[in-house]
Every structure is written in C-alpha cells, then in structure tokens.
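A quick write-up on the structure given underneath.
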Amino acid sequence: MGEVKLSIFGFGNVGRATARVLLEKERVFKEKYGVSFKVVSISDRSGTVWLPEGMDLREVLNVKEAFGRLSAWSNDYEVYEFSPMEAVKEIDADIVIDVTNDKNAWEWHMEALKRGRAVVTSNKPPLAFHYAELTAEAGRRELPYLFEATVMAGTPIIGLLRETLLADSIEGIEGVLNGTTTYILTKMEEGVPLEEALKGAQRLGIAEHDPSGDILGFDAGYKATILHCLAFEPITFDEIEIRGIDGLPLEDVQRVRKEGKTLRLVASIERGSVSVEPKELPKESPLAVSSTQNAALIKTDLLGELLIRGAGAGLKETASGVVSDVITATIRLRGG
Ligand SMILES: NC(=O)c1ccc[n+]([C@@H]2O[C@H](COP(=O)([O-])OP(=O)(O)OC[C@H]3O[C@@H](n4cnc5c(N)ncnc54)[C@H](OP(=O)(O)O)[C@@H]3O)[C@@H](O)[C@H]2O)c1
0 MGEVKLSIFG
10 FGNVGRATAR
20 VLLEKERVFK
30 EKYGVSFKVV
40 SISDRSGTVW
50 LPEGMDLREV
60 LNVKEAFGRL
70 SAWSNDYEVY
80 EFSPMEAVKE
90 IDADIVIDVT
100 NDKNAWEWHM
110 EALKRGRAVV
120 TSNKPPLAFH
130 YAELTAEAGR
140 RELPYLFEAT
150 VMAGTPIIGL
160 LRETLLADSI
170 EGIEGVLNGT
180 TTYILTKMEE
190 GVPLEEALKG
200 AQRLGIAEHD
210 PSGDILGFDA
220 GYKATILHCL
230 AFEPITFDEI
240 EIRGIDGLPL
250 EDVQRVRKEG
260 KTLRLVASIE
270 RGSVSVEPKE
280 LPKESPLAVS
290 STQNAALIKT
300 DLLGELLIRG
310 AGAGLKETAS
320 GVVSDVITAT
330 IRLRGG
C-alpha cells in the first residue's frame, strides 16, 4: 500500500492541524514509512470537498481560513452536501478520520467499518457510549479502529494501555485529564472567580466551544470511561459518577491553597468503578499539574506505579495523536 486514501471529517482546529502535519511531514512519512497520503475528501458542517485524485491541502486550508466554510469553494473542486453517513457510503477511502465534535458519529464510524475502512478519531462520545460495539465490529473485520487523541491529546496513554502493557494487569488509574479545569482552578487559587477564569480560558482557546462539558466534568468523564474500557472491560459514560467544578466556592479553593495543597479535577478508575471529582492533592503530588498538562498514575501488578504526563490539549499535540494513528492504521492495513 504505497498510497493511502484519507477522508477527513471535521476541519476545525484539530482537522486543520492534522492537514498541516500531513502537508509539512509528507516527505518524512514517505522516507520513513514508504507511504504517501492522498486526501480524497474533507468535510465540515457546510459541505464536503471531494476529489478522488487527491486534493491540494494548501488550497483547502486557505479556503477554510479565508471564508470559514468549505462550501465557499466553487472553483476547481466539487462541493457536496453530504451528511457524514452519506459521505462515508459514497467516498472510497482507506482511512476515515473523525476530528469532528459530532456526538452521533458512532453511527457513521460503524458504517465506515462495515464498508472495510479503518477509522481514526479524536472524538470522545462515540467511544464513551459505544466502545463495545465499535471495537467488536473493528475486531470482526480485522480493521484498525484507533483513538489515541481522545485522551491526553497526543500523549500516548492509549497506546501504552493497548499495545505496551500487555503482560501487566492494571489495578487502577488516577488522572487529571482536563486542562481547562486545571487552568480555572489555578486562576481561582490566585483569587479569580470561576466565571472570569473561564472567560480567560476561552480567550486562550483552551476551553471547548461549549465549555459546560469541561466545567461539569463530562469531558474528563468521557476520557475516564475510555480508559476504563481499555484497562478493564467496556462500560458506558452513563455508568460513571461525576462531580464537576461548577459551584465550587472560591473560598474553598483558596483555603486548600493556604493549607499547602491544591485542588484538581481527578478521575479515579478501578475495575467496575469510575468517578470524576475535585480532589485535594499535596503540592508535590505527580498529579498536581498546571496549565493544559495532563497526568495519569497507572498502577499495575508487575510494573508497580507508572506516571505518564504531557500535553492534554493543543493543536499540534492533538494532531500528533491523530496522525500517529493514521500511520499505525496504514502499517496494519498493509499487513505490518
Ligand atoms: N482541541 C483540542 O485540543 C482537542 C484535543 C483532543 C481531542 N479533541 C477533540 O477533537 C475534536 C475536534 O476538536 P476541535 O478543537 O478541532 O473542534 P472544532 O474546532 O470545533 O472543530 C470541529 C469541526 O467538526 C466539524 N463538524 C462538526 N459536526 C460535523 C458533522 N456532522 N459533519 C462534518 N463536520 C462536522 C465542524 O464544522 P464547522 O467548521 O463547519 O463548524 C468543525 O470543522 C473534538 O471531538 C474534540 O473534543 C480536541
């Protein structure tokens, strides 16, 4: 498989960062892995640009950045009004990349697998609600279904649990998996009220478009659910306990700080139980991360305690996870 056809869904921050990495590292990927990627379609909510011969990513990036929507393009390429489901059925691709925030995307992930396409995604809800069905379908068809960027962006916790720690039995995982709440709690420690700290996070582009998922703990909950599915057995997001940082009094955060500790939104994952809640941590705890850093402490029977810490958000950091998965999927598709 020298040339691999990619169909990209979502051309927001992560979609465009993914396109940039594919563009900038084209030669490296060719030399290192002997592979060329041909992007045959890109979709946003306004439309799908589809060119079976492959498109010039520079041009598509220019159009999206200049006009904000792919449907603005009318010159060289056809723009189609497909739903993602129609696009998956219609467009011939080896790998479908979902970098949307479409909560119902699991339906078209499933369709992609049924049509023999590998799937790479950074979108959490499909896995947090349908992990068992999706991975079973991929397994039946021997197709890659990869999701490194769903948890800790490109910091490879998924690969660690899925590919590396194969001899170990996981005993538990504790993690700080949402950078927005870490940023807000750090600001609250400095005396800034939650609403104001949230506005700051939005200005910096750290918070999701709809920040309620961060504040209420849903984002960390999706990620913790995915980690449970990998480390133990499949569960769904409906089965977990979540308490976010909404309504957390400023005085509480400052009191914890005065006591020489720090508050973080911590996900605790054990067999059959997942909870997300604000917890007091000693300042020197490895989970007392700052900014958009994430950290997870994994306990196993053989290795003992293992700490993984790194970027939990960011554009090139998330694109690292997405494109690494695209390369892994390619290697597997060609039988490696
Ligand atoms: N940003 C990060 O640091 C990060 C880290 C890890 C994971 N993620 C996850 O990665 C995904 C993308 O994040 P992002 O920051 O790039 O979000 P974003 O900037 O809001 O981009 C989302 C993109 O998806 C498109 N989209 C949504 N529904 C669609 C549909 N039904 N069909 C076609 N396109 C659709 C949007 O179209 P329009 O452009 O027309 O609105 C937009 O281009 C999310 O699931 C997010 O949770 C993000």
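The opening position of the sequence shown corresponds to residue 0 in numbering that gives the first Met the number 0, with each subsequent residue numbered one higher. For each residue, glycine too, the CB sits at the ideal point set by N, CA and C.
query, result
"With DSSP as the reference, please indicate the residues paired to Ala86 in a beta bridge.", "DSSP lists no partner for Ala86."
"Please work out which residues of its chain come closer than 7 Å, Cβ to Cβ, to Ser45, disregarding the five sequence neighbours upstream and downstream, and give them in chain order.", "Arg68, Leu69, Ser70"
"What is the residue span of the beta strand (DSSP E) that Arg263 lies within?", "260 to 269"
"Following the continuous alpha helix (DSSP H) through Pro125, name the residue where it begins and the one where it ends.", "124 to 140"
"Less than 7 Å between the beta carbons of Phe10 and Asp43, yes or no?", "yes"
"Going by DSSP, which residues form a beta bridge with Thr47?", "Ser42, Tyr79"
"Beta-carbon within less than 6 Å of Ile297's beta-carbon, same chain only, minus the 5 sequence neighbours each way: which residues are those?", "Ile172, Leu305"
"What first and last residue would you give for the beta strand (DSSP E) that runs through Lys298?", "292 to 299"
"What are the start and end residues of the beta strand (DSSP E) that includes Ile307?", "303 to 310"
"So what does DSSP say about Glu30, is it helix, strand or coil?", "helix"
"Where DSSP assigns a beta bridge to Leu145, which residues make up the other side?", "Val119"
"Regarding Gly271 and ligand 1, is the C-beta to nearest heavy atom distance less than 6 Å?", "no"
"Let me check understanding here. Comparing Cα to Cα, which of Glu269, Glu250, Pro248, Gly259 lies closest to Glu238?", "Glu269"
"The beta strand (DSSP E) that contains Val98, what's its start and end?", "That residue, Val98, is in no beta strand (DSSP E); it is neither H nor E in DSSP."
"Within 10 angstroms of the Cβ of Ser211, are there 16 or more other Cβ atoms? Answer buried if so, exposed if not.", "exposed"
"Alpha carbon to alpha carbon, how far is Asp372 from Lys257?", "It is not possible to answer for residue 372, since the shown part of the chain is limited to 0 through 335."
"For Val39, count neighbouring Cβ atoms within 10 angstroms of its own Cβ and tell me buried if that reaches 16, exposed if not.", "buried"
"Tell me the residue span of the alpha helix (DSSP H) that contains Glu106.", "104 to 113"
"Tell me which residue opens and which closes the alpha helix (DSSP H) that Lys282 is part of.", "Where Lys282 is concerned, there is no enclosing alpha helix (DSSP H), given that its DSSP letter is neither H nor E."
"Considering only C-alpha positions, which residue in the set Lys88, Ala219, Val119, Glu80 is nearest to Leu332?", "Val119"
"What's the call for Arg116, buried or exposed, on a 16-neighbour Cβ count within 10 Å?", "buried"
"Would you say His208 touches ligand 1, meaning its beta carbon is less than 6 Å from a heavy atom?", "yes"
"Taking the beta strand (DSSP E) that Leu247 falls in, what are its first and last residues?", "No beta strand (DSSP E) holds Leu247; DSSP gives it neither H nor E."
"Suppose the cutoff is 8 Å on Cβ atoms and the five residues either side in sequence are ignored; what does the same chain contact list for Ile7 look like?", "Gly14, Thr17, Ala18, Val38, Ser40, Ile41, Ser42, Ile96, Val98"
"Quick check on the burial criterion: 16 or more other C-beta atoms within 10 angstroms. Buried or exposed for Gly278?", "Note on residue identity: the sequence assigns Lys, not Gly, to residue 278. Answer is buried; the Cβ neighbour count reaches 16."
"Check the DSSP bridge columns for Lys4 and list the partner residues they point to.", "Lys37"
"Could you give the residue range of the alpha helix (DSSP H) that holds Gly320?", "314 to 332"
"Hey, Lys260 and Pro281: beta-carbon distance below 7 Å or not?", "yes"
"Ligand 1 and Arg44: does any heavy atom of the ligand fall closer than 6 Å to the residue's C-beta?", "yes"
"Just the C-alpha distance for Thr181 and Ile214, rounded to the nearest angstrom, thanks.", "10 Å"
"For a minimum of 4 consecutive residues, which ranges assigned as the alpha helix (DSSP H) are wholly contained in the stretch 194 to 259?", "211 to 214, 217 to 230, 249 to 257"
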